[in-house]
Amino acid sequence: MKSYYTFLSITALIGSLILQPSETQAQVTLKSISVGASYWKPSLDYWNNRSMLLDYNAGKGATFSGAIMPTAAIEVGIVKGLSIGGRVGYWKNSVSGNVTTGGINRAEKLTLSIIPVSLDLKYTFAKSATATSEPTKGPFLTPYIGLSIARYFISNDFSRQVAGNTGSVNETQAGSNYGVQVFVGAEKKLVRKLFLALDVRYHLGSYNQVVKTETTSTIEKVSLNGLEAGLSLRFKFN
3 MKSYYTFLSI
13 TALIGSLILQ
23 PSETQAQVTL
33 KSISVGASYW
43 KPSLDYWNNR
53 SMLLDYNAGK
63 GATFSGAIMP
73 TAAIEVGIVK
83 GLSIGGRVGY
93 WKNSVSGNVT
103 TGGINRAEKL
113 TLSIIPVSLD
123 LKYTFAKSAT
133 ATSEPTKGPF
143 LTPYIGLSIA
153 RYFISNDFSR
163 QVAGNTGSVN
173 ETQAGSNYGV
183 QVFVGAEKKL
193 VRKLFLALDV
203 RYHLGSYNQV
213 VKTETTSTIE
223 KVSLNGLEAG
233 LSLRFKFN
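Under my numbering, the first residue of the sequence shown carries the number 3, and numbering increases by one thereafter.
Below you can see the structure in the form of structure tokens.
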């Protein structure tokens, strides 16, 4: 829930920047805003390969899969072809299972939320101008490449309910860490200033997870590496 409110706050901040007076927009050369959705599958290697999730469902285990992530972004032009931008997403997934230990049955669920916030540096390959008297048609697709510095805000919620017992456990942990993204994409004009963009990114990052048992406390490194691909609608101002 905290991650959801953080996502809304960051999206509201992007919206407030868009609604600033026109003088401010002119100074920073606002280029575009966009909303979209993408599929991201982070590695989450510790959770999927070494954690207590492997004991779920009579030893069959449970692993996190990829999930659809809504995104919002803003882009500011610097010089021809080069721009910077901000992008935020909200990824959420959960796993659950039953565990039997010493004749006691318990149901457990782990929900993981990740908010990746990135600062993008992007170069767009524009069509070269030619000397002609005929009207210039726009390219069918306009490709781009880029590099991002990202910060990942992570929250996990763990719950346990013991069968036939009123005892239960509910714990929440939260933290953040930095990472890098590399991306390529292309956009296609639909109508007037509205474009459809395909964006493919690879995330490089990780975070440290505190794991506690009744007698020990360890720190495990969890990988966020993984491929993301999605579509967005982009409204261009110039």
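For every residue, glycine included, the Cβ atom is placed at its ideal position computed from N, Cα and C.
In the DSSP assignment, what are the bridge partners of K223?
N210
Exposure of I117, with buried meaning 16 or more beta-carbon neighbours within 10 Å
Buried, by the Cβ-count rule.
Would you list the residues sitting across from E110 in a DSSP beta bridge?
Its beta-bridge partners are G99 and R162.
When the Cα atoms are used, what is the spatial distance from V164 to V171?
9 Å
CB-CB length for G87 against K124, believed under 8 Å:
6 Å
In chain order, what are the residue ranges of uninterrupted beta strand (DSSP E) at least 3 long that sit wholly in the stretch 32–67?
32–42
Between the stretch 33–42 and the stretch 69–84, do three or more beta carbon pairs fall short of 8 Å?
Contact annotation: the stretch 33–42 touches the stretch 69–84, with at least three C-beta pairs closer than 8 Å.
L233: first and last residue of the uninterrupted beta strand (DSSP E) it sits in
G228 to K238
Under 8 Å: do the stretch 176–186 and the stretch 214–223 share three or more Cβ pairs, one atom per stretch?
no
When you compare only the Cα positions, how much space is there between R203 and K62?
Spanning the alpha carbons of R203 and K62 requires a straight line of approximately 32 Å.
DSSP three-state call for A128: helix, strand or coil?
coil
Excluding sequence positions up to five away, which residues of its chain have a Cβ less than 8 Å from the Cβ of W93?
W42, P44, A69, M71, S115, I116, I117 and P118
For L143, which three-state DSSP category applies?
coil
Considering only the alpha carbon of each residue, which of S120, L235, Q175 and S53 lies closest to L200?
L235
According to the neighbour-count rule (16 or more other Cβ atoms, all chains shown, within 10 Å of its Cβ), is L143 buried or exposed?
exposed
Helix, strand or coil: which one does DSSP assign to R194?
coil
Reference N227; option with closest CA among D57, K214 and A152:
A152
How many Å lie between N240 and G187 at the Cα?
19 Å
Might you give, ordered along the chain, the residues of its own chain that have their beta carbon closer than 8 Å to the beta carbon of P23, omitting 5 neighbours on each side?
For P23, the pLDDT reaches just 44, beneath the cut-off of 50, and the residue's location in the model is therefore unreliable, leaving the point undetermined.
Out of N50, G169, M54 and S40, state which residue places its alpha-carbon closest to the alpha-carbon of V213.
That would be M54, whose Cα lies nearest to the Cα of V213.
When you compare each of L192, V78 and G99 to R89 by their alpha carbons, which one comes out closest?
When only C-alpha atoms are compared, the closest one is V78.
To the nearest angstrom, how far is the alpha carbon of F127 from that of P145?
6 Å
Where E230 falls, given that 16 or more other Cβ within 10 Å makes a residue buried
Residue environment for E230: buried (at least 16 other C-beta atoms within 10 angstroms of its C-beta).
Using the Cβ count rule (16 or more neighbours within 10 Å means buried), how would you classify E216?
Note on E216: under 16 other CB atoms within 10 angstroms of its CB, so exposed under the neighbour-count rule.
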